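Read the structure below first, then the notes.
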Amino acid sequence: MDQIVSATPHLGDFVVVVGRTSTDLSQAVPQGVWPSLGGPTGPKVSYVRPDAQFTVAWSGDAVFTKQDRSIGIGLYHLVPNHQSANTNAVQVQDQLLATFRRQEKVGLEGLFGKYGFILWDAERATLLAGSDTFHTYPLFYHRTAEGFVCGTDLRLVRAAAGLGSNIDHQALYHYLNFAYVPAPSTIFEGIRKLLPGSQLEYRNGNLQVTRYWQPLYPEDLSGSEHELTDGLRDKIVETVQRYRPSDAVQWGTFLSGGTDSSSITGILAQQRADRKVASFSIGFGEADYDELEYARIAAKAFAVDAHMRDVDAQDTMDLIPWLVRTYDEPYANSSAIPTAYCARLAHEAGISVMIAGDGGDEIYGGNERYAKDKVMGWYYNLPTLVKWGGYGVERAMAPIDVRLLNKVKNFIHRSSLPNPDRFYTDDSFASDHFEELLVPGFRRDIDVASSLDLMRELYRDTAADSELHRLMYIDLMMAIAENDLVKVNRTAKATGVSVLYPYLDRDLIEFTGRIGAKWKVKHLTKRYLFKRAMDGILPPEILAKKKQGFGLPIGVWFREHQGFRELLNDTLLSQRAQERGYFERDFIKSIVQRHQQGVWDYTQELWLMLMLELWHREHLDG
Numbered sequence: 000m001d002q003i004v005s006a007t008p009h010l011g012d013f014v015v016v017v018g019r020t021s022t023d024l025s026q027a028v029p030q031g032v033w034p035s036l037g038g039p040t041g042p043k044v045s046y047v048r049p050d051a052q053f054t055v056a057w058s059g060d061a062v063f064t065k066q067d068r069s070i071g072i073g074l075y076h077l078v079p080n081h082q083s084a085n086t087n088a089v090q091v092q093d094q095l096l097a098t099f100r101r102q103e104k105v106g107l108e109g110l111f112g113k114y115g116f117i118l119w120d121a122e123r124a125t126l127l128a129g130s131d132t133f134h135t136y137p138l139f140y141h142r143t144a145e146g147f148v149c150g151t152d153l154r155l156v157r158a159a160a161g162l163g164s165n166i167d168h169q170a171l172y173h174y175l176n177f178a179y180v181p182a183p184s185t186i187f188e189g190i191r192k193l194l195p196g197s198q199l200e201y202r203n204g205n206l207q208v209t210r211y212w213q214p215l216y217p218e219d220l221s222g223s224e225h226e227l228t229d230g231l232r233d234k235i236v237e238t239v240q241r242y243r244p245s246d247a248v249q250w251g252t253f254l255s256g257g258t259d260s261s262s263i264t265g266i267l268a269q270q271r272a273d274r275k276v277a278s279f280s281i282g283f284g285e286a287d288y289d290e291l292e293y294a295r296i297a298a299k300a301f302a303v304d305a306h307m308r309d310v311d312a313q314d315t316m317d318l319i320p321w322l323v324r325t326y327d328e329p330y331a332n333s334s335a336i337p338t339a340y341c342a343r344l345a346h347e348a349g350i351s352v353m354i355a356g357d358g359g360d361e362i363y364g365g366n367e368r369y370a371k372d373k374v375m376g377w378y379y380n381l382p383t384l385v386k387w388g389g390y391g392v393e394r395a396m397a398p399i400d401v402r403l404l405n406k407v408k409n410f411i412h413r414s415s416l417p418n419p420d421r422f423y424t425d426d427s428f429a430s431d432h433f434e435e436l437l438v439p440g441f442r443r444d445i446d447v448a449s450s451l452d453l454m455r456e457l458y459r460d461t462a463a464d465s466e467l468h469r470l471m472y473i474d475l476m477m478a479i480a481e482n483d484l485v486k487v488n489r490t491a492k493a494t495g496v497s498v499l500y501p502y503l504d505r506d507l508i509e510f511t512g513r514i515g516a517k518w519k520v521k522h523l524t525k526r527y528l529f530k531r532a533m534d535g536i537l538p539p540e541i542l543a544k545k546k547q548g549f550g551l552p553i554g555v556w557f558r559e560h561q562g563f564r565e566l567l568n569d570t571l572l573s574q575r576a577q578e579r580g581y582f583e584r585d586f587i588k589s590i591v592q593r594h595q596q597g598v599w600d601y602t603q604e605l606w607l608m609l610m611l612e613l614w615h616r617e618h619l620d621g
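Its first residue numbered 0, the sequence shown is counted upward by one per residue in numbering that gives the first Met the number 0.
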């Protein structure tokens with residue numbers, strides 16, 4: 000192991016470089032090289048050398064084993080009565096090393112929590128690296144004829160490998176469909192991203208990547224509706240309570256006013272009535288996007304110490320440059336903005352750990368598109384002659400209402416597709432506009448079906464019998480691992496807080512996989528069993544509300560706010576953007592105009608192209 004680069008984009012990140020001439024990493028790595036974030040109460044990279052043979056680089060928190068929930072690495076213990084910080088980090092690492100000595104593997108299937116690690120065995124010239132089940136701590140790697148580079152930040156790996164700035168056009172195409180770059184691709188040629196629930200081994204110049212965990216859906220939990228409801232409630236409460244940090248840590252919860260964040264806040268508030276839970280919420284002046292009313296209902300019901308603030312268009316514009324710097328790849332989930340302000344609000348209040356509700360939709364059946372897909376599935380299975388009646392309705396409506404006609408045409412088109420092709424049409428901007436959006440030179444580098452093929456592979460990858468569980472699996476592997484967790488972790492990390500996710504606990508996911516799909520979306524009622532289980536924990540108003548989440552009125556601002564209009568036009572229609580060689584300028588100009596004139600809503604498409612151009616200017620143009 001030749002070197003470790005310690006100049007990091009975020010404190011706590013690290014990169015490891017293996018060269019062919021290396022014999023012993025420990026000779027090249029000084030003690031104390033690893034930086035920490037937030038002093039004694041923040042997550043840190045741990046450096047341990049039990050003997051001359053092994054070196055371990057760790058970044059993580061809230062890590063424990065299946066057998067002993069009291070063991071933790073990092074700062075935040077999940078089990079009550081274990082208050083001291085970082086006292087058992089060496090135990091976890093020693094346990095992994097003992098397993099490696101016996102079996103030449105580290106046994107990640109028995110490790111729970113958030114972590115990323117690299118282990119170097121000098122005697123065997125072997126490097127092992129792995130990350131948690133949803134790669135909360137992602138790992139990037141690059142293989143060359145001279146050796147191997149692996150690290151927790153794409154910028155570090157790129158710098159350590161001495162790579163240029165060649166954009167992977169296929170990865171960029173994925174971004175234009177999904178608004179993020181999914182693993183195993185990265186935005187740069189030659190660098191890969193370790194898939195969720197995987198580990199890699201680099202031994203004597205050979206690289207092997209293996210999967211150690213994925214969600215399963217046996218649907219083998221039997222019982223009456225009442226019994227299943229009680230069982231789910233008990234499991235949720237036990238899981239959330241286990242994620243409560245020790246009293247030595249200042250912590251709080253994200254509280255959007257939705258069912259996931261509200262249920263977690265409520266369970267934690269009921270667990271310890273002698274200490275108020277601190278909650279943090281963001282709202283907007285535009286009524287259709289503001290959930291503070293429901294956050295206030297939850298805060299009052301649970302008697303929490305509520306912290307709230309409004310975010311307006313100028314706040315958002317002020318944050319955009321920081322947001323672009325924060326992400327090492329192009330990223331276009333606009334809800335990163337309220338997430339970042341929520342994390343800042345918590346940090347200003349002295350909070351070092353936040354607890355989030357991400358994952359609830361994907362394990363309890365809460366996404367709106369699950370119900371929509373069920374309706375489309377009914378149409379898909381209709382006899383062909385009946386479907387022809389739908390086409391007749393479409394033609395009859397042609398002179399009546401263009402918007403309604405487009406909705407009907409869209410429904411009929413999507414409903415005529417099998418899954419996962421039907422599901423993919425939620426994320427298919429570049430695929431749908433392939434010829435008119437992308438310039439010919441870019442199109443020649445692209446397999447137009449490649450983004451859909453990623454989803455098809457995941458759809459085939461799970462052994463779930465039900466359609467719903469296959470779609471929920473896709474969402475866990477993509478919407479959660481590649482999108483939501485990237486959003487929350489990056490903004491929180493750059494702000495100085497760490498985030499825990501009770502609803503992404505492996506035990507809980509495996510438990511919910513045993514519950515039949517019919518209890519998750521019953522008829523068209525989403526979260527059916529979960530809402531039954533939360534009756535008595537959540538206020539009735541929140542159980543009955545429609546889902547919003549941390550959305551924001553970007554589309555309104557693109558039309559009505561002068562600063563946003565200028566930013567959009569001056570950026571996307573600039574000569575600088577045109578010279579990238581990606582997009583047909585006339586098409587970009589047309590959708591900007593159509594959106595700003597109120598003809599059609601292109602909010603997501605415009606936002607992802609805006610963030611892409613700003614990312615280029617920040618990370619590549621120098």
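Glycine residues also receive a C-beta, built at the ideal position from the N, C-alpha and C atoms. From a predicted model like this one, the values you see are computed outputs, not experimental measurements.
Relative to the C-alpha of Leu609, which candidate in Ile362, Asp600 and Asp569 has its C-alpha closest?
Within the sequence shown, the letter at position 610 stands for residue 609. Cα-wise, what sits closest to Leu609 is Asp569.
Going by the CB atoms, is the gap between Arg526 and Thr258 shorter than 9 Å? Your numbering for residue 258 matches position 259 in the sequence shown. Your numbering for residue 526 matches position 527 in the sequence shown. With contacts defined by Cβ atoms closer than 9 Å, Thr258 and Arg526 form a contacting pair.
Exercise for review: Pull up the distance between the alpha-carbon of Glu617 and that of Leu155, whole angstroms please.
Suggested key: What you label residue 617 is simply residue 618 of the sequence shown in a count that begins at 1. What you label residue 155 is simply residue 156 of the sequence shown in a count that begins at 1. Taking the straight line joining both Cα atoms gives about 16 Å.
key: Bounding residues of the beta strand (DSSP E) (the contiguous stretch that carries Lys275)   = One-based indexing of the sequence shown puts residue 275 at position 276. Premise fails: Lys275 is in no beta strand (DSSP E) and is neither H nor E.
Please go through the same chain and pick out, in chain order, the residues whose beta-carbon is closer than 7 Å to the beta-carbon of Trp606, but skip the five residues on each side of it.
As a first step, residue 606 is located in the sequence shown; it is residue number 607 there, counting from the start. Correct list, in chain order: Ala331, Ser333 and Ile553.
Residues near Asn482 by beta carbon distance below 8 Å, same chain, minus five either side
Working through the sequence shown from its first residue, we reach residue 482 at position 483. Cβ neighbours of Asn482 beyond the five flanking positions: Phe177, Ala178, Tyr179 and Asn332.
| request: Determine the direct distance from the alpha carbon of Val310 to that of Pro337, and round the result to whole angstroms. | output: Residue numbering aside, residue 337 sits at position 338 when the sequence shown is read from its first letter. Residue numbering aside, residue 310 sits at position 311 when the sequence shown is read from its first letter. Roughly 7 Å separates the two Cα atoms.
Check your understanding: Hey, out of Tyr140, Leu499, Ala335 and Ser255, whose CA is closest to Ala297's CA?
Key -> Numbered from 1 along the sequence shown, position 298 holds the residue referred to as residue 297. Checking every option, the nearest Cα to that of Ala297 belongs to Ser255.
Worksheet item: When the Cα of Asp420 is compared with those of Ile473, Leu153 and Glu361, which residue comes out closest?
Response: Stepping through the sequence shown from its first residue, residue 420 is reached at position 421. Considering only alpha carbons, the answer is Ile473.
Pro195 versus Glu145, Leu138 and Phe586, residue with shortest Cα-Cα distance: By 1-based counting over the sequence shown, the position of residue 195 is 196. Of the listed residues, the one whose Cα sits closest to Pro195 is Leu138.
For this session: Output the distance between the C-alpha atoms of Arg575 and Glu565, rounded to the nearest integer angstrom.
Result: Residue numbering aside, residue 575 sits at position 576 when the sequence shown is read from its first letter. Residue numbering aside, residue 565 sits at position 566 when the sequence shown is read from its first letter. Distance between the alpha carbons of Arg575 and Glu565: 15 Å.
Quiz prompt | Ala331: CB within 8 Å of a non-hydrogen atom of the ligand MG | solution = Absent from the structure shown: the ligand MG. Ligands present: none.
**Prompt:** So which of Ala182, Leu227 and Phe187 has the shortest CA-CA distance to Ser164?
**Reply:** Working through the sequence shown from its first residue, we reach residue 164 at position 165. Ser164 has its Cα closest to that of Phe187, out of Ala182, Leu227 and Phe187.
Legend entry - Paired residues, beta bridge with Gln198 - DSSP: Counted from its first residue, the sequence shown places residue 198 at position 199. Bridge partners of Gln198: Gly129 and Thr209.
### As assigned by DSSP and simplified to three states, the class of Asp569
One-based indexing of the sequence shown puts residue 569 at position 570. Correct three-state label for Asp569: helix.
Discussion item. Short of 6 Å in beta carbon distance, which residues of its chain neighbour Gln313, apart from the five on each side in sequence? Order them along the chain.
Written reply: In the sequence shown, the residue the question calls residue 313 occupies position 314. Nothing meets the Cβ criterion.
Practice task
Would you decide whether Gly356 is buried or exposed? Buried here means 16 or more other CB atoms lie within 10 Å of its CB.
Solution key: Locating residue 356 in the sequence shown gives position 357, where the first residue counts as 1. Answer is buried; the Cβ neighbour count reaches 16.
Exercise. Counting only runs that start and end within the segment 485–533, where is the alpha helix (DSSP H) found for 4 or more residues in a row?
Worked result: 505–512 and 527–533
When DSSP labels each residue in this structure, what does Lys544 get in the three-state scheme?
-> If you number the sequence shown from 1, residue 544 lands on position 545. In the structure shown, Lys544 sits in coil (DSSP, three-state: anything other than H, G, I, E or B).
Which one or two residues does DSSP pair with Phe283 in a beta bridge? In the sequence shown, the residue the question calls residue 283 occupies position 284. Per DSSP, Phe283 has no beta bridge partner at all.
- prompt: How do the segment 194–211 and the segment 120–131 stand: do at least 3 beta-carbon pairs fall below 8 Å, yes or no?
  reply: yes
**Prompt:** Cα-Cα, which of Tyr363, Lys406 and Phe410 is closest to Tyr379?
**Reply:** Mapped onto the sequence shown, residue 379 falls at position 380. Tyr379 has its Cα closest to that of Phe410, out of Tyr363, Lys406 and Phe410.
- [ ] Return the bridge partner residues of Ala297 from the DSSP annotation.
- [x] On the sequence shown, residue 297 is found 298 positions in, with the first residue counted as 1. Ala297 pairs with nothing; no bridge assigned.
Residue environment, Pro382, which counts as buried when at least 16 other CB atoms sit within 10 Å = Mapped onto the sequence shown, residue 382 falls at position 383. Its Cβ having fewer than 16 others within 10 Å, Pro382 is exposed.
Q) By how many angstroms is the C-alpha of Met375 removed from the C-alpha of His468? A) Taking the first residue of the sequence shown as position 1, residue 468 is located at position 469. Taking the first residue of the sequence shown as position 1, residue 375 is located at position 376. Those two C-alpha atoms are separated by around 16 Å.
task = Buried or exposed for Val15, please, with buried defined as at least 16 other CB atoms from any protein chain shown within 10 angstroms of its CB.
result = Position 16 of the sequence shown holds residue 15. The residue in question, Val15, is buried, as its Cβ has 16 or more Cβ neighbours within 10 Å.
Original post:
Helix, strand or coil: how does DSSP classify Ile72 here?
Top reply: What you label residue 72 is simply residue 73 of the sequence shown in a count that begins at 1. Low confidence applies here, because Ile72 scores a pLDDT of 36, under 50, leaving its location unreliable; read the following figure in that light. When secondary structure is reduced to three states using DSSP, Ile72 falls in the coil class, being assigned neither helix nor strand.
- Where His522 falls, given that 16 or more other Cβ within 10 Å makes a residue buried: As a first step, residue 522 must be located in the sequence shown, where it is residue number 523. By the 10 Å Cβ count, His522 comes out exposed.
Given 8 Å, three or more beta-carbon pairs between the segment 350–367 and the segment 481–498 = Per the Cβ contact rule, the segment 350–367 is in contact with the segment 481–498 (3 or more Cβ pairs under 8 Å).
- Do Leu475 and Phe133 have their CB atoms nearer than 9 Å? If you number the sequence shown from 1, residue 475 lands on position 476. If you number the sequence shown from 1, residue 133 lands on position 134. Taking 9 Å as the Cβ cut-off, Leu475 and Phe133 qualify as a contacting pair.
Span separating the alpha-carbon of Leu503 from that of Gly359 = Working through the sequence shown from its first residue, we reach residue 503 at position 504. Working through the sequence shown from its first residue, we reach residue 359 at position 360. For Leu503 and Gly359, the distance between alpha carbons rounds to 8 Å.
Which same chain residues end up closer than 8 Å to Arg505 when comparing Cβ atoms and leaving out the 5 residues on each side of it in sequence? Stepping through the sequence shown from its first residue, residue 505 is reached at position 506. Excluding positions up to five away in sequence, the list reads Phe111, Thr132 and Trp212.
Can you confirm whether Phe563, when its beta carbon is compared against all beta carbons of chain B, has any partner nearer than 9 Å? Judged by its chain identifiers, the structure shown contains no chain B, having just a single protein chain.
(Q) Quick check on Ala305: does DSSP put it in helix, strand or coil? (A) Here residue 305 refers to the residue found at position 306 of the sequence shown. In the structure shown, the three-state DSSP call for Ala305 is strand.
query: Where does Arg564 fall in DSSP's three states?
result: As a position in the sequence shown, residue 564 is number 565, starting the count at 1. Judged by DSSP in its simplified three-state form, Arg564 adopts helix.
- Message: Helix, strand or coil, according to DSSP, for Thr151 in the structure here?
- Response: Here the question's residue 151 lines up with position 152 in the sequence shown. Thr151: coil per DSSP, three-state reduction.
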